[in-house]
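Down below is the structure, laid out as structure tokens.
Residue numbers (the UniProt record's numbering): 1 to 583.
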């Protein structure tokens with residue numbers, strides 16, 4: 001009978017937790033490492049971005065600033081009179097430039113073309129692509145997309161969702177393992193080797209615990225599959241972030257609520273906003289007649305001044321504002337505060353395009369508690385809520401998590417088996433079968449519930465079980481017959497030859513697995529990168545330039561190499577380290 005089946009109920013549950021924690025470390029930790037490192041780079045670069053793009057972002061005060069309408073006219077003259085203005089962000093300070101953002105069909109989702117205007121001289125200081133509601137510039141856009149999707153579009157978002165889905169399980173599971181085994185262990189001076197790595201792995205785990213759970217929870221709200229479930233639950237519970245009502249007709253639906261309003265995204269085109277979802281916020285909606293004239297591409301430049309003045313008079317006092325034109329003839333202007341630092345300033349008003357009267361407004365201090373917590377959680381996750389201290393704290397958590405993962409791999413490497421042993425390691429399935437029946441039922445219910453709520457976790461758990469089946473079948477194969485073992489033990493040379501024979505066989509399996517993995521990774525990366533470029537730029541593959549072929553080929557090679565190397569770690573364990581009884 002195996003050790004798993006003879007273990008006491010408490011020990012059997014700990015064995016299951018230990019095996020699950022180990023599998024998360026092998027299969028998911030590479031993705032968590034990439035997410036933590038790229039996220040750390042993102043939160044540490046706002047000051048660097050301001051330095052790199054200082055010419056576009058700053059202006060030299062020269063008397064009084066020109067009216068906003070004049071600044072917009074200068075931007076339109078530069079970008080083209082027919083270009084649709086997506087949004088305008090007036091200069092927040094005396095030394096800042098005004099940002100006029102134009103829709104551009106050639107750009108990706110949540111991207112727009114920004115023209116930076118000197119408010120005093122009306123000179124164009126910059127012209128570049130910006131991304132998201134925070135309007136990050138090209139440097140941080142790349143880091144943002146690397147963190148969220150590995151620059152692979154929607155397909156790449158699965159990686160960050162996988163990391164966020166399992167991060168909290170690994171963190172809490174590690175704590176339970178420590179609590180369950182702590183009384184059995186004597187205190188040791190952790191200086192070198194396994195004890196040193198384990199000591200600091202545990203220390204970092206406890207130090208970062210709350211942060212890891214926080215990052216996992218807030219990260220899931222951005223995700224593709226789990227995020228959709230979260231949005232649906234927030235809608236059903238009426239926990240959505242209130243949005244200002246822009247309808248001019250008195251019988252139109254009340255103020256829409258956007259489940260993604262708190263997140264770092266914005267539409268790349270003016271007509272690609274989220275669909276309206278009814279949620280009344282203000283009773284101050286005024287019945288007004290809808291305009292009879294068709295909606296022009298851009299409203300008169302002078303209207304921007306009048307809308308800004310109306311918003312200021314209604315109480316929007318934040319220095320950072322964003323103005324958007326009506327999306328259709330029966331909609332109002334919107335003016336929103338976009339200062340996400342503490343204290344949060346995200347009030348918004350809608351303005352009638354004919355009378356310039358206030359149609360509706362929303363105030364952050366009247367938000368439901370859950371909406372406020374969501375807003376603060378997202379901003380803290382992005383490192384903007386508390387400024388530099390927030391950035392440094394996130395960097396500490398990110399680098400600490402990377403260090404903890406490295407220490408975990410070091411522990412496994414130190415304890416990896418040197419030779420094939422007689423008693424193979426327990427599988428996840430075997431440890432589950434060893435726990436009491438009531439615990440089995442509990443595990444099944446929890447696994448099914450989490451698999452439904454977090455689909456990527458559910459699929460990856462099935463992958464864990466598939467690996468278990470393969471390992472179980474593999475460990476049933478006896479590498480050497482009894483006669484071969486006896487023959488090999490007749491002399492020291494025979495023992496060495498027998499051991500090398502087994503090692504060569506396992507190495508062949510490992511290399512074969514790496515080759516298959518590399519083929520799969522190259523196929524997936526090629527399809528994702530090439531398809532992403534075609535979708536983003538609209539250029540057929542046959543019409544690419546030589547530079548595009550070389551650049552994208554290099555990207556495919558780089559991504560394929562990195563991910564093949566990362567995923568080879570589990571393969572190494574599977575083929576060369578599966579017989580470690582310590583797991």
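Even glycine gets a Cβ: it sits at the ideal position worked out from N, Cα and C.
Just so you know, these numbers come straight off a predicted model, no measurement behind them.
Take residue i and list the residues in its own chain whose beta-carbon comes closer than 6 Å to its own, dropping the five residues that flank it on each side.
i: residue 371; result: 241
i: residue 35; result: 160 and 163
i: residue 83; result: 102
i: residue 567; result: 517
i: residue 168; result: 213 and 216
i: residue 297; result: 84
i: residue 410; result: 197
i: residue 338; result: 320 and 322
i: residue 408; result: 25 and 201
i: residue 149; result: 156 and 157
i: residue 30; result: 566
i: residue 472; result: 427
i: residue 127; result: 115
For residue i, which residues from the same chain have a beta carbon less than 8 Å from its beta carbon, with the 5 sequence-adjacent residues on both sides left out?
i: residue 173; result: 17, 20, 21 and 24
i: residue 299; result: 325, 326 and 353
i: residue 271; result: Caution is warranted here: a pLDDT of 34 is assigned to residue 271, below 50, making its placement in the model unreliable, and the coordinate value is therefore given only provisionally. Here the set comprises 327.
i: residue 220; result: 161, 164, 165, 226, 227, 230 and 454
i: residue 376; result: 344 and 385
Locate the alpha helix (DSSP H) running through residue i, then write down its first and last residues.
i: residue 199; result: 193-222
i: residue 442; result: 437-453
i: residue 391; result: 387-415
i: residue 381; result: 369-382
i: residue 241; result: Counting along the chain, residue 241 falls outside any alpha helix (DSSP H), and DSSP gives it neither H nor E.
i: residue 13; result: 9-23
i: residue 230; result: 226-236
i: residue 434; result: 428-434
In the DSSP assignment, find the unbroken beta strand (DSSP E) run with residue i in it and report its ends.
i: residue 362; result: 358-362
Residue i and residue j look like a contact to me (Cβ under 8 Å); what is the Cβ gap, rounded to whole Å?
i: residue 39; j: residue 204; result: Actually they are not in contact, since the Cβ atoms of residue 39 and residue 204 sit about 17 Å apart, beyond 8 Å.
i: residue 456; j: residue 226; result: 7 Å
i: residue 309; j: residue 453; result: The Cβ separation is near 47 Å, so there is no contact.
i: residue 43; j: residue 391; result: 5 Å
i: residue 571; j: residue 513; result: 5 Å
i: residue 341; j: residue 385; result: 6 Å
i: residue 33; j: residue 435; result: Residue 33 to residue 435, Cβ: 30 Å. No contact.
i: residue 528; j: residue 145; result: Actually they are not in contact, since the Cβ atoms of residue 528 and residue 145 sit about 13 Å apart, beyond 8 Å.
i: residue 616; j: residue 224; result: Outside the displayed span of the chain (1 to 583) sits residue 616, for which this structure offers no information.
i: residue 130; j: residue 114; result: 4 Å
i: residue 547; j: residue 15; result: The Cβ separation is near 55 Å, so there is no contact.
Near residue i, what residues of its chain come up, given a Cβ to Cβ distance below 7 Å and the 5 sequence neighbours on each side ignored?
i: residue 541; result: 530 and 534
i: residue 244; result: 255, 334, 348, 349, 350, 360, 361 and 362
i: residue 209; result: 171 and 175
i: residue 526; result: 556
i: residue 211; result: 397
i: residue 275; result: With a pLDDT of 32 at residue 275, under the threshold of 50, the modelled position of this residue cannot be trusted, and the question is left open.
i: residue 93; result: 319
i: residue 332; result: 246, 248, 326, 350, 351, 352, 353 and 359
i: residue 380; result: 390
i: residue 73; result: 301
Could you check whether the Cβ of residue i sits closer than 8 Å to any Cβ belonging to chain B?
i: residue 309; result: Although the question refers to chain B, the structure presented lacks it and comprises just one protein chain.
Task: beta strand (DSSP E) segments (min. 3 residues) lying fully within the segment 39-104 - done: 85-89 and 98-102
- [ ] Say whether the segment 505-524 touches the segment 556-568, bearing in mind that this needs 3 or more beta-carbon pairs closer than 8 Å, one atom from each stretch.
- [x] yes
Task: Unbroken stretches of the beta strand (DSSP E), 3 residues or longer, contained in the segment 109-156 - done: 111-117 and 124-131
Open item on the list: Could you check whether the segment 356-365 touches the segment 113-130, counting it as contact only if at least three pairs of C-beta atoms, one from each stretch, sit closer than 8 Å?
Closed with: no
TODO: At 3 residues or longer, and completely inside the segment 306-353: list those beta strand (DSSP E) runs for me, N to C.
DONE: 321-324, 333-337 and 348-351
Open item on the list: Taking contact to mean 3 or more Cβ pairs, one atom from each stretch, closer than 8 Å, check whether the segment 440-453 and the segment 145-161 are in contact.
Closed with: no
- [ ] Pair every Cβ in the segment 174-182 with every Cβ in the segment 202-217, then say whether three or more of these pairs are closer than 8 Å.
- [x] yes
- [ ] Pair every Cβ in the segment 462-473 with every Cβ in the segment 49-59, then say whether three or more of these pairs are closer than 8 Å.
- [x] no
Open item on the list: Is it the case that the segment 94-111 contacts the segment 58-73, given that we only count it when at least three CB pairs across the two stretches are under 8 Å?
Closed with: yes
- [ ] Say whether the segment 64-76 touches the segment 423-442, bearing in mind that this needs 3 or more beta-carbon pairs closer than 8 Å, one atom from each stretch.
- [x] no
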